[in-house]
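S.K.: Mind looking over this structure? Questions follow.
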Amino acid sequence: MQENVLLVKETLFEKIAFNIQRLIEQEVLKTGDKMPSVRTLSREQKISMSTVFQAYYLLEKKGLIEARPRSGYYVRKPYKRVAAQPAATTTWKMPINVRVDSLVSDFVKTTHKGTFIDLTIAGPSIEMLPVAKLNKSIQAVLRTNKGNSFQYEFPPGNENLLRQIARLSLNWQGSLSPDEIIITNGCLEAVNLCLRAVANQGDTIAIESPTYYGVLQTIESLGMKVLEIATHPEKGIDLDELEKALGKTKIAACLFTLNFNNPLGSCTSDVDKERLVKLLAKRQIPLIEDDILGDLYFGKNRPKNAKTFDKEGLVLLCSSFSKTIAPGMRVGWTAPGRYKEKVERLKFMTNIAAPSLMQQAVAHFLENGRYNNHLKGLRLTYHIQMRKYREAIFRYFPTGTKVTDPHGGHVLWIELPPNLDAVELQRKSIENGVAILPGSIFSAQKRHQHFVRIGCCYPFDQQVEHAIEVVGNLANEMM
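Printed below as a string of structure tokens:
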């Protein structure tokens with residue numbers, strides 16, 4: 001059976017069109033330049049004339065070239081350059097209490113009340129799930145383990161799964177051992193347990209700005225405060241700003257997503273990760289590192305995580321398979337360093353154990369080499385889709401719109417012109433059958449009022465393009 005994730009491919013004509021588009025973006029091909037004839041390009045590229053026609057039609061649709069009667073194709077106009085990304089954020093002056101839960105809950109309820117084209121999703125769509133292979137793994141463990149799959153797998157968790165996760169650490173040049181890891185119900189529970197292990201009610205947690213609203217809700221539920229640190233859309237957390245904050249404010253812990261932060265998509269360099277670990281170790285401040293998106297990189301090599309540089313057990317690494325295998329399986333994990341014993345006790349007190357069958361099935365999936373093959377297709381799919389989503393946003397959204405250009409993950413952070421209210425745009429979009437997320441829910445300060453986040457998780461098709469066009473048209477009407 002063919003795996004679902006491979007259904008989203010880039011066709012040959014799309015590749016040809018993209019290569020030509022890059023030449024136009026780089027002004028190798030300038031306004032008014034004549035394009036190679038269909039016959040010439042067909043001969044040079046050793047492709048069919050039909051493929052060239054399809055590529056040229058796609059470029060026409062994007063407004064990059066035009067056909068002139070009896071003359072051929074020409075570059076139509078200067079391409080609206082998309083180099084502009086949202087600016088880096090700023091550090092907030094003081095710690096504050098978090099009050100986002102009711103706002104987030106309202107948005108979640110709204111998006112689940114009706115039928116929408118949902119651009120809020122930040123996880124694999126049904127088309128991307130390795131359903132057939134997961135089914136094989138589930139059936140295999142049921143045959144092998146029989147009734148044991150329905151018994152408790154007490155913390156730290158299933159031994160085979162712990163071994164497989166330890167093996168995965170080699171992918172980021174880490175060296176985790178099975179006895180360093182605890183299985184959790186997803187990554188957010190791992191973060192919750194780690195926060196409870198290192199901080200208390202009223203303590204201040206340093207976070208990125210913007211940051212995932214689920215993290216903000218977790219901090220709010222624990223009665224902790226946050227200090228939002230300046231973050232760059234490409235480089236990630238501003239370490240100079242963090243160092244200043246550490247000198248002025250008592251920080252109980254830092255909670256960062258250093259690889260493809262949600263919603264920014266930023267990726268902190270290995271050099272800065274090492275600097276961060278040393279900076280915090282000097283002050284004996286723990287770092288909770290959410291690395292749930294680390295496997296969704298678009299380059300040749302997986303980025304390292306901060307845990308790789310941890311020599312004192314102060315980095316509490318958290319992750320899960322929700323973004324790569326299946327969100328509904330709820331299999332997460334943490335390697336909490338020197339806090340392992342405390343986190344393990346908290347896990348048992350919270351809900352005794354993670355589901356046994358799901359742990360065993362994921363372990364089987366990993367053990368049989370299915371994960372790495374699945375990831376290759378998933379990364380390629382997300383990379384292609386993100387490019388298509390991004391192009392559509394620039395095609396339909398108002399002039400002056402800025403969009404991040406991540407090297408991994410599956411979300412885009414969009415800066416609208418300053419006079420636009422993203423909450424109002426979200427309301428109008430819902431009324432027109434499209435769900436998006438306003439930037440204000442990614443900040444305890446309700447900052448980012450003219451930003452929105454869009455997930456690139458559904459296969460890009462006419463329906464998705466229409467949804468982006470709807471939101472773009474609404475934004476233009478609000479100008």
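Using full-length UniProt numbering, you'd call the opening residue of the sequence shown number 1 and step up by one each time. Virtual Cβ for every residue (Gly too), placed ideally from N, Cα, C. For clarity, every value in this text was computed on a predicted model and none was experimentally measured.
(1) How many Å lie between ILE393 and THR399 at the Cα?
(2) Looking only at its own chain, which residues have a Cβ that is under 6 Å from the Cβ of GLU415, when we skip the five neighbours before and after it?
(3) What does the alpha-carbon distance come out to for the pair GLU60 and ALA17?
(4) Closer than 7 Å by C-beta to ASN145: which residues in its own chain qualify, once you throw out the five before and the five after it? Chain order, please.
(5) Would you kindly check if the distance between the Cβ of LYS304 and the Cβ of TRP172 is under 8 Å?
(6) Identify, in the order they occur along the chain, each residue of the same chain with its Cβ nearer than 7 Å to the Cβ of LYS307, setting aside the five sequence neighbours on each side.
(7) For GLY472, collect the residues of the same chain with a Cβ closer than 6 Å to its Cβ; drop the 5 residues on either side in sequence, then sort them by chain order.
(8) Pull up the distance between the alpha-carbon of LYS244 and that of TYR339, whole angstroms please.
(9) In angstroms, rounded to a whole number, what distance separates the CA positions of LEU188 and TRP333?
(10) Checking 8 Å against the spacing of the C-beta atoms, do HIS410 and TYR382 come in under that value?
(11) Hey, could you find the ends of the beta strand (DSSP E) ALA206 is sitting in?
(12) For the beta strand (DSSP E) containing THR401, name the first residue and the last one.
(13) Spell out the partners DSSP gives TYR74 in its beta bridges.
(14) Along the chain, where does the beta strand (DSSP E) containing ILE182 start, and where does it finish?
(15) Please say whether ARG390 and PRO263 have beta carbons closer to each other than 8 Å?
(16) Tell me whether ILE165 sits in a helix, a strand or coil according to DSSP, three-state version.
(17) What first and last residue would you give for the beta strand (DSSP E) that runs through LEU287?
(18) For the alpha helix (DSSP H) holding ARG379, just list the boundary residues, first then last.
(19) What separation, rounded to the nearest whole angstrom, lies between the Cα atoms of ILE219 and ALA252?
(20) With C-beta atoms as the reference, is ASN97 less than 8 Å away from LYS225?
(21) In terms of DSSP beta bridges, what is LEU255 paired with?
(22) Identify whether ILE24 lies in helix, strand or coil by the three-state DSSP scheme.
(23) Starting from LEU103, trace the beta strand (DSSP E) in both directions and tell me its first and last residue.
(24) Among the candidates LEU242, PHE298, TYR212, whose CA atom is the shortest distance from the CA of LYS278?
(25) What is the DSSP secondary structure of HIS410, counted as helix, strand or coil?
(26) Taking 7 Å as the line, does the beta carbon of PHE13 fall inside it for any heavy atom of the ligand NAD?
(27) Assuming PRO286 and PHE442 are in contact, meaning their beta carbons sit under 8 Å apart, how far apart are those beta carbons, in whole angstroms?
(28) Just confirm the distance between the C-beta atoms of SER320 and GLY186, as a whole number of angstroms; I'd bet it's less than 8 Å.
(29) Got a sec? Which residues, its chain only, sit under 7 Å from ASN432 by beta carbon, not counting five neighbours each side?
(30) Run the CB neighbour count on GLU180, radius 10 Å, all protein chains shown included, and call it buried at 16 or more, exposed below.
(31) When you compare only the Cα positions, how much space is there between ARG81 and LEU227?
(32) Quick check on GLY223: buried or exposed, where buried means 16 or more other Cβ atoms within 10 Å of its Cβ?
(33) Count the other CB atoms within 10 Å of the CB of TYR152; is the residue buried (16 or more) or exposed (fewer)?
(34) Which whole-angstrom value is the C-beta distance of LEU162 and PRO156, which I expect to be below 8 Å?
(35) Leaving aside the five residues before and after LEU29 along the sequence, list all residues of the same chain whose C-beta is less than 6 Å from its C-beta, in chain order.
(36) Should GLY313 and GLY294 be called a contact, given that it needs their Cβ atoms to be closer than 8 Å?
M.R.: Based on what the coordinates show:
(1) 10 Å
(2) PRO86, LYS402, PHE451
(3) 10 Å
(4) GLN360
(5) yes
(6) GLY174, GLU289, VAL315, LEU317, ALA335
(7) TYR396, PHE397
(8) 27 Å
(9) 10 Å
(10) yes
(11) 204-208
(12) Segment: none, THR401 is in no beta strand (DSSP E) and carries neither H nor E.
(13) LYS34, GLU66
(14) 182-184
(15) no
(16) helix
(17) 287-290
(18) 370-396
(19) 12 Å
(20) yes
(21) ILE207, ILE288
(22) helix
(23) Element bounds for LEU103: not the beta strand (DSSP E) but the alpha helix (DSSP H), 101-111.
(24) LEU242
(25) coil
(26) Among the components of this structure there are no ligands whatsoever, and the ligand NAD is therefore not found.
(27) Contact doesn't hold; Cβ gap of about 23 Å is too wide.
(28) 5 Å
(29) VAL470, LEU474
(30) buried
(31) Caution is warranted here: a pLDDT of 46 is assigned to ARG81, below 50, making its placement in the model unreliable, and no coordinate value can be reported.
(32) exposed
(33) exposed
(34) 6 Å
(35) LEU23, VAL75
(36) no
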